[in-house]
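Peer 1:
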Amino acid sequence: MSLDIDDILAELDRDTTAVEMSSEGPKQPGNDSMDILNSSLDGTKTVANGRSTSLKPKIISPVEDFNKLVTLWKNERCSPELLPYPHQLMRRMLIRIEEQMEHLEILSMNFFEESTNGGSSANGKRNSNAPANNNKMLPLLCMEAELERVKFVIRSYIRCRLSKVDKYSIYLRQINEQFLTEELEEDDMDNENRISPLETLMSSEEIQYHQRHFSLLLNLLNESVLKYMSDDLQAINDTEGSVNMVDEPDWNKFVFVKVIGPPTGENDFDPLLIHKLDPERYYYSITIPETNEDIELIIGSIYIVRYNLIKDLLKDDKIELI
Amino acid sequence: MYGDLGNKLIIEAKRTEQLTQRHIAASLNNEVNHNGSNNVTIPMYNDELVNNILKEVRQLKQNADYFKQVKQEQEEQQLLDGVGANPRNDKIRHCQNFVNLICLERNKRCLMAYQRMRSDMIDKLIWNGDIENNSSAGTGTGSKRYEYNELSHNEQEYMNQYKNLLDDLNSESELWSSVEIMGNMNPPSDIFIDIRVLKDIGEIQTEYGTFNLVKDSQFYVRQSDVERLIQQGYVQKI
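Going down the list, the sequences are from chains A and B.
Each residue of the first sequence is one higher than the one before, starting from 1 at the first, in this note's numbering.
Each residue of the second sequence is one higher than the one before, starting from 1 at the first, in this note's numbering.
What follows is the structure, encoded as structure tokens:
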């Protein structure tokens, strides 16, 4: 029994546009070819829907997670500073990717077995010509393509963050040192409960990367330049000399923003949000200090503003960068 | 004149940067040859110029010491004589000292900028995975070492350590390794691609069977299976 390719494509089309997650997880693949097809189609459904799957529906659906990830990715790429790391989200993404990879492996193993046993190709070295021509392969290919895309987004996201970690490495160190000195001065009992700003800002890998790369770089500079300098010119974080040596994020960079409103969608419960009638609109009000001018950031509109004006709104997920 | 050499170094750094940028832009426009990694080439470490600047720095340091000494002597002299400071002499001394200091600082900044630019390039080289095919990998103790003629001794050290750092983190972090953090930075489009084999490799095993990769043969394979080979320059995407 063979399925028409148009059917599968139509099915896929519908799935990608559907918003809610199908509650039914992929079945365990069986031996007979129809079963495999079905299960792989189910799998595709979940992938197409959520771009990543979990075998059981969770409270936070994969769709939301993926959308969140894409938003974070866009924000990170557009903002001049390093944004906080989404620890929970990344943990979930990792689990889902691994599950999906396993799932795919099982599917393709079964498929492979079935096709060799069924004698559709006599020798084991099938697929070297044109596997995509095979109708039954299509759902599997779609799932793999989706998985590759998710992986690409995460890869691009982390790489973007690492490049910022490198760029602002001294600046980030200073944030940490400031925190540590404050810590010493306060000397409270509940100090242990406080987490350093770097730990919320970066993942453990990024912190490690930051520290080790910085020490490598410092070593290089010491060996090749600084050791030839006199003692009072040894510093690498001199801010008082003629030119500031610490690269700070460009807080005044212009960014494109889209106002999306409070993440819960309940406009009336956001204290910052101003509600005006005639014409009815919800907006955030910000002031440009140089010109003393107020701007209304109306929900759903797009603006170009300086980054430091909308920094806080961005961190509360009320606007996104585009 | 003081600072001229520093200028030269900065001009060289700038030129290198521009060349690299142009190179990347060219490889982006030229999609045919584009196989994921834009080969970054590092120019020779300018040993001579750097050494000359360091010589100049030594000279300036001596000057600074001399000025300090003169200042002390003068002050002692003034104390002995019981006369007030001569404002004219003071001004000249200040000026000399200041110019000297500025030159020192400027030289330091030039050297630092040059070094930073090169270390950034080394980082890029490692991230692109270029070092494995361009360098003559010597066998050191324990881990593999990469030798580059263009790099200074310190830079070699830095490069190897940075490579180790990335390898360590890659193997430690589940997330990093499962998304193949060192992988291709172009958005994936096709799962399967046509490749041409550039060097004999032998058999590789994939989910879709075994391929015998002989030089000049062509295959239609899954991109993720041959990603490493593309980066290392064994096969080419067509």
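Cβ coordinates follow ideal geometry from the N, Cα and C atoms, glycine included.
Within 9 Å of any Cβ in chain A, is that where the Cβ of SER171(B) sits?
Peer 2: For SER171(B), the answer is no, since every Cβ of chain A falls outside 9 Å of its Cβ.
Peer 1: Within its chain, find whatever has a CB closer than 6 Å to the CB of GLY3(B); leave out the 5 residues flanking it on each side and keep chain order.
Peer 2: Here the set comprises CYS103 and ARG106.
Peer 1: Ordered along the chain, which non-local residues of its own chain (more than five positions away) have a Cβ less than 7 Å from that of TYR158(B)?
Peer 2: So the qualifying residues of the chain are SER119 and ILE122.
Peer 1: Compute the distance between the beta-carbons of LYS258(A) and TYR284(A), then report whether it is under 9 Å.
Peer 2: No, the Cβ-Cβ distance between LYS258(A) and TYR284(A) is not below 9 Å.
Peer 1: Within a Cβ cutoff of 6 Å, which residues of the same chain sit near ILE238(B), ignoring the five residues on either side of it in sequence?
Peer 2: For ILE238(B), where only same-chain residues beyond five positions count, the Cβ hits under 6 Å are ASP194 and ARG196.
Peer 1: Name, in chain order, the residues that DSSP records as bridge partners for LEU321(A).
Peer 2: Note: LEU321(A) sits in a beta bridge opposite VAL257(A).
Peer 1: On the three-state DSSP scale, how would you describe ASN46(B)?
Peer 2: Residue state, collapsed to three classes: coil.
Peer 1: So, helix, strand or coil for VAL179(B), using DSSP?
Peer 2: Correct three-state label for VAL179(B): coil.
Peer 1: Going along chain A in order, which residues have a C-beta closer than 9 Å to the C-beta of GLY183(B)?
Peer 2: Chain A residues near GLY183(B): LYS151, PHE152 and ARG155.
Peer 1: What are the start and end residues of the alpha helix (DSSP H) that includes TYR284(A)?
Peer 2: From DSSP, TYR284(A) is part of no alpha helix (DSSP H) but of the beta strand (DSSP E) over 281–288.
Peer 1: Alpha carbon to alpha carbon, how far is PHE214(A) from GLU73(B)?
Peer 2: Using only the alpha carbons, I get a separation of about 44 Å.
Peer 1: The segment 177–206 of chain B: which residues have C-beta closer than 7 Å to a C-beta of chain C, in chain order?
Peer 2: Annotation note: the requested chain C is absent from the structure, which comprises protein chains A and B.
Peer 1: Given this structure, state the Cα-to-Cα distance separating GLN223(B) from MET143(A), to the nearest angstrom.
Peer 2: So the alpha carbons of these two residues sit roughly 14 Å apart.
Peer 1: Taking Cβ positions, are LEU72(A) and PRO249(A) nearer each other than 9 Å?
Peer 2: Contact: no.
Peer 1: If we ignore side chains and look at the alpha-carbon of each, how far apart do LYS164(A) and TYR307(A) end up?
Peer 2: Taking the straight line from one Cα to the other gives about 16 Å.
Peer 1: For SER153(A), report the span of its alpha helix (DSSP H) as first-last.
Peer 2: The amino acid at residue 153(A) is misidentified as Ser; the sequence shows Val. Where VAL153(A) is concerned, the enclosing alpha helix (DSSP H) stretches over 138–167.
Peer 1: Note the first and the last residue of the continuous beta strand (DSSP E) segment covering GLN236(B).
Peer 2: From DSSP, the beta strand (DSSP E) with GLN236(B) extends over 235–237.
Peer 1: I'd like to know if VAL57(B) contacts chain A, where contact means its C-beta is closer than 9 Å to some C-beta of that chain.
Peer 2: Yes, because at least one Cβ of chain A sits closer than 9 Å to the Cβ of VAL57(B).
Peer 1: Are there three or more Cβ pairs, one per stretch, closer than 8 Å when the segment 159–179 of chain A is compared with the segment 225–238 of chain B?
Peer 2: Judged by Cβ distances under 8 Å, the segment 159–179 of chain A makes no contact with the segment 225–238 of chain B, as fewer than three pairs qualify.
Peer 1: For LEU218(A), which residues from the same chain have a beta carbon less than 6 Å from its beta carbon, with the 5 sequence-adjacent residues on both sides left out?
Peer 2: Within the same chain, LEU218(A) has no close Cβ partners at all.
Peer 1: Between ARG58(B), MET112(B) and LYS61(B), which has its C-alpha nearest ASN10(B)'s C-alpha?
Peer 2: Note that residue 10(B) corresponds to Ile in the displayed sequence, not to Asn. Nearest of ARG58(B), MET112(B) and LYS61(B) to ILE10(B), Cα basis: MET112(B).
Peer 1: Can you tell me where the beta strand (DSSP E) with ASN252(A) in it begins and where it stops?
Peer 2: Counting along the chain, ASN252(A) falls outside any beta strand (DSSP E), and DSSP gives it neither H nor E.
Peer 1: Does any residue of chain B bring its CB to less than 9 Å from the CB of ASN219(A)?
Peer 2: Closer than 9 Å: yes.
Peer 1: At the level of alpha carbons, what is the spacing between LEU172(A) and VAL221(B)?
Peer 2: The alpha-carbon atoms of LEU172(A) and VAL221(B) are separated by roughly 43 Å.
Peer 1: Does the beta-carbon of TYR209(A) have 16 or more other beta-carbons within 10 angstroms, so that it is buried, or is it exposed?
Peer 2: With 16 or more Cβ atoms within 10 Å of its Cβ, TYR209(A) is classed as buried.
Peer 1: Taking only beta-carbon atoms, is VAL214(B) less than 9 Å away from chain A?
Peer 2: Chain A contact via Cβ: absent.
Peer 1: Could you tell me whether the segment 203–213 of chain B touches the segment 174–186 of chain B, where touching means 3 or more Cβ pairs closer than 8 Å?
Peer 2: No, because fewer than three Cβ pairs between the segment 203–213 of chain B and the segment 174–186 of chain B fall closer than 8 Å, the two stretches do not touch.
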